[in-house]
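K.L.:
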Amino acid sequence: MRAFSEHTGVAMPLSEDNVNTDIIIPSREMRTVSKSGLADGLFAPWRYLDPDSRELNPSFVMNKAIYRDASILIAGKNFGCGSSREHAVWALMESGFRVIIAESFATIFYNNALRNGLLAISLHRQLIEGLFTPLRNDGAAETLSVNLDVQTVEVGAMVVRFDIDPDAKQMLLEGIDEISLTQRNAALIEAFERHDREKRPWIYLTD
Amino acid sequence: MGLESMSLTLVDKLWNAHEVQRLSEHRSLLYIDRVFLHERTGSVALRELELKQRKVRVPGHVFCTMDHIVDTTPGRSDKTLMPSGEDFIVATRSSAHEASIRLFDIDDPDQGIVHVLSPELGIALPGSTLICPDSHTCTLGGIGALAWGVGSTETEHALATSTLRVERPRNCRITLDGQLPPWITPKDLILYVIRELSASGGQGYAVEFAGSAIECLSVEGRLTLCNMATELSAFTGIVAPDQKVIDYFREREFAPSYQHWDLAAAHWADLKSDPGAAFDRDIRLDISHLKPQISWGISPEHTIDASDLIPAPADATSAEQYSSWAKAQAYMQLKPGTRLEDYSIDAAFFGSCTNSRLSDLRFAADYLRRSGSRVAPSVKALCVPGSGRVKRAAEAEGIDEVFRQAGFEWREPGCSLCFFAGGERFDDGSRVISTTNRNFEGRQGLRVKTHLASPLSVVASACAGYLTTVGPQS
Numbered sequence: 000m001r002a003f004s005e006h007t008g009v010a011m012p013l014s015e016d017n018v019n020t021d022i023i024i025p026s027r028e029m030r031t032v033s034k035s036g037l038a039d040g041l042f043a044p045w046r047y048l049d050p051d052s053r054e055l056n057p058s059f060v061m062n063k064a065i066y067r068d069a070s071i072l073i074a075g076k077n078f079g080c081g082s083s084r085e086h087a088v089w090a091l092m093e094s095g096f097r098v099i100i101a102e103s104f105a106t107i108f109y110n111n112a113l114r115n116g117l118l119a120i121s122l123h124r125q126l127i128e129g130l131f132t133p134l135r136n137d138g139a140a141e142t143l144s145v146n147l148d149v150q151t152v153e154v155g156a157m158v159v160r161f162d163i164d165p166d167a168k169q170m171l172l173e174g175i176d177e178i179s180l181t182q183r184n185a186a187l188i189e190a191f192e193r194h195d196r197e198k199r200p201w202i203y204l205t206d
Numbered sequence: 000m001g002l003e004s005m006s007l008t009l010v011d012k013l014w015n016a017h018e019v020q021r022l023s024e025h026r027s028l029l030y031i032d033r034v035f036l037h038e039r040t041g042s043v044a045l046r047e048l049e050l051k052q053r054k055v056r057v058p059g060h061v062f063c064t065m066d067h068i069v070d071t072t073p074g075r076s077d078k079t080l081m082p083s084g085e086d087f088i089v090a091t092r093s094s095a096h097e098a099s100i101r102l103f104d105i106d107d108p109d110q111g112i113v114h115v116l117s118p119e120l121g122i123a124l125p126g127s128t129l130i131c132p133d134s135h136t137c138t139l140g141g142i143g144a145l146a147w148g149v150g151s152t153e154t155e156h157a158l159a160t161s162t163l164r165v166e167r168p169r170n171c172r173i174t175l176d177g178q179l180p181p182w183i184t185p186k187d188l189i190l191y192v193i194r195e196l197s198a199s200g201g202q203g204y205a206v207e208f209a210g211s212a213i214e215c216l217s218v219e220g221r222l223t224l225c226n227m228a229t230e231l232s233a234f235t236g237i238v239a240p241d242q243k244v245i246d247y248f249r250e251r252e253f254a255p256s257y258q259h260w261d262l263a264a265a266h267w268a269d270l271k272s273d274p275g276a277a278f279d280r281d282i283r284l285d286i287s288h289l290k291p292q293i294s295w296g297i298s299p300e301h302t303i304d305a306s307d308l309i310p311a312p313a314d315a316t317s318a319e320q321y322s323s324w325a326k327a328q329a330y331m332q333l334k335p336g337t338r339l340e341d342y343s344i345d346a347a348f349f350g351s352c353t354n355s356r357l358s359d360l361r362f363a364a365d366y367l368r369r370s371g372s373r374v375a376p377s378v379k380a381l382c383v384p385g386s387g388r389v390k391r392a393a394e395a396e397g398i399d400e401v402f403r404q405a406g407f408e409w410r411e412p413g414c415s416l417c418f419f420a421g422g423e424r425f426d427d428g429s430r431v432i433s434t435t436n437r438n439f440e441g442r443q444g445l446r447v448k449t450h451l452a453s454p455l456s457v458v459a460s461a462c463a464g465y466l467t468t469v470g471p472q473s
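As given, the protein sequences belong to chains A and B, one line each in that order. For what it's worth, numbering that gives the first Met the number 0 labels the leading residue of the first sequence as 0, then goes sequentially. For what it's worth, numbering that gives the first Met the number 0 labels the leading residue of the second sequence as 0, then goes sequentially.
(1) Using the DSSP secondary-structure output, state which residues sit across from Tyr47/A in a beta bridge.
(2) Is the CB of Phe425/B under 8 angstroms away from at least one CB in chain C?
(3) Do Pro165/A and Ser23/B count as a contact pair if the criterion is CB distance below 8 angstroms?
(4) So Gly422/B contacts chain A; which residues on that side make the cut at Cβ distance below 8 angstroms?
(5) Just mark Ala491/B as buried or exposed, buried being the case when its beta carbon has 16 or more other beta carbons within 10 Å.
(6) Which residues of chain A have a Cβ atom closer than 8 angstroms to the Cβ of Tyr30/B, listed in chain order?
(7) Could you tell me which residues DSSP puts in a beta bridge with Trp14/B?
(8) Grab me the residues of Gly441/B's own chain with a C-beta within less than 7 angstroms of its C-beta, minus the 5 sequence neighbours each way, in chain order.
(9) How about Ala459/B: is its C-beta nearer than 8 angstroms to some C-beta of chain A?
(10) Kindly identify the DSSP beta-bridge partner or partners of Ser144/A.
(11) So is Arg442/B in contact with chain A if we call contact Cβ pairs under 8 angstroms?
(12) Kindly list, in the order they appear in chain A, the residues whose Cβ is closer than 8 angstroms to that of Leu36/B.
(13) Is there a Cβ of chain A sitting closer than 8 angstroms to that of Lys12/B, yes or no?
(14) Using a Cβ-Cβ cutoff of 9 angstroms, what residues of the segment 141–167 of chain A are near chain B? List them in chain order.
(15) Relative to the alpha-carbon of Thr72/B, which residue among Cys462/B, Ser429/B and Arg424/B has its alpha-carbon at the smallest distance?
(16) Taking only the alpha-carbon atoms, compute the straight-line gap between Ser159/B and Ile112/B and give it to the nearest angstrom.
(17) Would you call the CB atoms of Ser199/B and Ser82/A closer than 8 angstroms?
(18) Where do the ends of the alpha helix (DSSP H) carrying Thr91/B lie?
(19) Taking the C-alpha atoms as reference points, what is the distance between Gln182/A and Phe191/A?
(20) For Pro58/B, tell me which candidate among Ala315/B, Lys243/B and Leu102/B has the shortest Cα-Cα distance.
(21) Residues of chain A with a CB under 8 angstroms from the CB of His301/B: which are they?
(22) With three or more beta-carbon pairs closer than 8 angstroms as the criterion, would you say the segment 263–272 of chain B touches the segment 226–246 of chain B?
(23) Would the segment 138–148 of chain B and the segment 114–127 of chain B be scored as touching if the rule is three or more Cβ pairs under 8 angstroms?
(24) What residues from chain B crowd round Arg30/A, counting only those whose CB sits closer than 7 angstroms?
(25) When DSSP labels each residue in this structure, what does Leu2/B get in the three-state scheme?
(26) Of all the CB atoms in chain A, is at least one closer than 8 angstroms to the CB of Asp341/B?
(27) Please list, in chain order, all residues of the same chain as Arg164/B whose beta carbon is under 7 angstroms from its beta carbon, the five residues on each side excluded.
(28) Which residues, taken in chain order from the segment 53–82 of chain A, show a beta carbon closer than 8 angstroms to some beta carbon of chain B?
(29) Determine, using beta carbons only, whether Phe362/B and Thr434/B come nearer to each other than 8 angstroms.
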């Protein structure tokens, strides 16, 4: 997994509630048994006027020149609801996004993001609005700085703190391979099974 | 510790019983009893494990089906309309074989939709933990399993270690008082709950459904109810198992054999929230006057009584709701103040992990038989049974003939047009009434306008040619 410690980048607003994974990447855009080749399908239903011909929708935020290098996504409530497809996270990462700041996330999406080094930050609407102006007075896009170690998002002199579970934070900071980490506790898992098998023998289908 | 503080919810009990290790205040390493895979995302997890030269730790506890990509047309093969579909099917078959896990392949008589198979074969059991790389895994809460959807990376973890590192959800109880009126189905019930609580109303919670309305539901009805807990953005949904559930598991293939039956049945009968258990959120709804529910928009929360007017954005209670309704109505091409009955449909879809079980098919077939109705000439209608077992049982009762004679296509089991599995989709821009769980933009085809409804409303609309339902008033 890719580690995450800090990141500074252009923030792109997609301030709708309930942006679902069929919008982030439709089923038909997931063409191979692989985690890559997905960037083109990101937000396909909104990004293209015609998903087949790939004619761009000029009014969709991602197609605006100032957001070409966006790496932070600003979203509303319940971002990533719907299907469990991890392709939604892979497509965002492949397109250069490293951080998503939203009012809230769907749980499966949040967990998928965490396991791929995509930092998902939940903040109250007022804090998001305080941090982020879609278009600054000078016409440029806003740039935010995120530091996971001290759990802050910064823009200019403003600093906002965010919450994250300590176990999840450690995983992200170190880019830990979660399976290796758990396998260090193989003895605990085996002990659980020995004890549990006596209480629930029907669960254990093999000897 | 006082007695009251020792009272636990059902989810707390299942959590504690599966906790291998506490990782932080809110995260635990949980034991996962069963993993179920399908060829769309399970294939990715299995392939990644192979690439990293990792083994499936307990192959006997892992199952896999073909449902998400495989065609549902009679005479199907590995080929699908989607050019790369065959790659997923072939890769899944080879990985499942390599890992020695039980695969319900295309030609297996038990093949079907993952969440239809898992209770039907006794793979998901009351009190068990089950994960699947599919958000509708919460369906299995209907039989009292702690089951939830995960991504491919977490699936790899569960396959390799028989555990997951999980953040503990908060507890929510939704008590549904009253008895469902005649003609009203579990699907109407869950659509109503989502409409009342919103599409994010369950976020962060494991939702236990309780109350007299739930006690009266059949096991299959509870599966339909819990299926859409993810549409509340809940971690999962669950119903405490009762005698109906225990009886349901007698003589199912992977359920406890006679050797362990009494022990298991006694264990299951104890699985309930303690009186006085503290729920972080406790909601009560009276459903004794519930009407048929049909969705009008692009989120399951955009749902109204079938007889209601399409709401006006001007009546929205917040700026977010205003923009959500306005956007949904532009996409769905609906005018505020009109009725659902004012809109003709192009297609009707009967199937999916929500509503493709035998009781759903029986209920709809009964209506078709009694009314003698036939599908309107302008409507494409199809029925996709949830599994090989459901299909055979329905055929033994002549249900297939009822559907066929009414003008429905009768398909092979699979996810089908719920989300254009296999590349099959409804015509661009068509209006579809569907027994499925998601009315998201483009989910059933480009610009397709999906209306979610009960099996009865879908069959009635297919025959009427417009959005409607059946009930005492009609």
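C-beta atoms are modelled at their ideal positions from N, C-alpha and C, and glycine is treated no differently.
P.N.:
According to the data block:
(1) Position 48 of the first sequence holds residue 47/A. Per DSSP, Leu55/A.
(2) Absence of chain C from the displayed structure is noted, the protein chains being A and B.
(3) For the purposes of this step, residue 23/B is taken as the residue at position 24 of the second sequence. For the purposes of this step, residue 165/A is taken as the residue at position 166 of the first sequence. With contacts defined by Cβ atoms closer than 8 angstroms, Ser23/B and Pro165/A form a contacting pair.
(4) Working through the second sequence from its first residue, we reach residue 422/B at position 423. The answer, in chain order, is Arg27.
(5) No statement about residue 491/B is possible, as the shown extent of chain B runs from 0 to 473 and does not include it.
(6) The residue given as residue 30/B occupies position 31 in the second sequence. Near Tyr30/B (Cβ distances below 8 angstroms), the residues of chain A are Ile188, Phe191, Glu192 and Asp195.
(7) Walking along the second sequence from the start, residue 14/B turns up at place 15. Looking at the DSSP output, Trp14/B sits in no beta bridge, so it has no partner there.
(8) On the second sequence, residue 441/B is found 442 positions in, with the first residue counted as 1. Correct list, in chain order: Val447.
(9) In the second sequence, counting from the first residue as 1, residue 459/B sits at position 460. No, because no Cβ of chain A sits closer than 8 angstroms to the Cβ of Ala459/B.
(10) For the purposes of this step, residue 144/A is taken as residue 145 along the first sequence, with counting starting at 1. In DSSP, Ser144/A forms a bridge with Thr7/A and Glu153/A.
(11) Position 443 of the second sequence, counted from the first residue, corresponds to residue 442/B. Answer yes: the Cβ-Cβ gap between Arg442/B and chain A drops below 8 angstroms somewhere.
(12) Counting from one through the second sequence, the residue named residue 36/B turns up at place 37. Simply none; closest approach about 12 angstroms.
(13) Here residue 12/B corresponds to residue number 13 of the second sequence, with the count starting at 1. Taking Cβ atoms only, chain A never reaches closer than 8 angstroms to Lys12/B, which makes this a no.
(14) Residues passing the 9 angstroms Cβ filter: Asp164, Pro165, Asp166 and Ala167.
(15) Counting from one through the second sequence, the residue named residue 72/B turns up at place 73. Arg424/B is the residue among Cys462/B, Ser429/B and Arg424/B whose C-alpha sits nearest the C-alpha of Thr72/B.
(16) Counting from one through the second sequence, the residue named residue 159/B turns up at place 160. Counting from one through the second sequence, the residue named residue 112/B turns up at place 113. Contrary to the premise, residue 159/B reads as Ala rather than Ser in this sequence. If you draw a straight line from the Cα of Ala159/B to the Cα of Ile112/B, it is about 24 angstroms long.
(17) On the second sequence, residue 199/B is found 200 positions in, with the first residue counted as 1. On the first sequence, residue 82/A is found 83 positions in, with the first residue counted as 1. Taking 8 angstroms as the Cβ cut-off, Ser199/B and Ser82/A do not qualify as a contacting pair.
(18) On the second sequence, residue 91/B is found 92 positions in, with the first residue counted as 1. Residues Gly84 to Glu97.
(19) Position 183 of the first sequence, counting from 1, holds the residue named residue 182/A. Position 192 of the first sequence, counting from 1, holds the residue named residue 191/A. About 14 angstroms.
(20) For the purposes of this step, residue 58/B is taken as the residue at position 59 of the second sequence. If you compare the alpha carbons of Ala315/B, Lys243/B and Leu102/B with that of Pro58/B, the shortest gap goes to Leu102/B.
(21) As a position in the second sequence, residue 301/B is number 302, starting the count at 1. By Cβ distance, chain A contributes nothing, its closest Cβ being about 10 angstroms from His301/B, past 8 angstroms.
(22) Result yes; three or more Cβ-Cβ pairs closer than 8 angstroms.
(23) Output reads yes: the segment 114–127 of chain B touches the segment 138–148 of chain B.
(24) As a first step, residue 30/A must be located in the first sequence, where it is residue number 31. Within 7 angstroms of the CB of Arg30/A, the CB atoms of chain B belong to Ser83, in sequence order along the chain.
(25) By one-based count along the second sequence, residue 2/B stands at place 3. In this prediction, Leu2/B scores a pLDDT of 46, lower than 50, which makes its location untrustworthy; no coordinate-derived value is stated.
(26) Within the second sequence, numbered from 1, the residue matching residue 341/B stands at position 342. The Cβ of Asp341/B sits no closer than 8 angstroms to any Cβ of chain A.
(27) One-based indexing of the second sequence puts residue 164/B at position 165. Contacts found: Leu22, Arg26 and Leu28.
(28) Result list: Gly75, Lys76, Asn77, Cys80, Gly81 and Ser82.
(29) Position 363 of the second sequence, counted from the start, is the residue given in the question as residue 362/B. Position 435 of the second sequence, counted from the start, is the residue given in the question as residue 434/B. Thr434/B sits away from Phe362/B, with the two beta carbons spaced by 8 angstroms or more.
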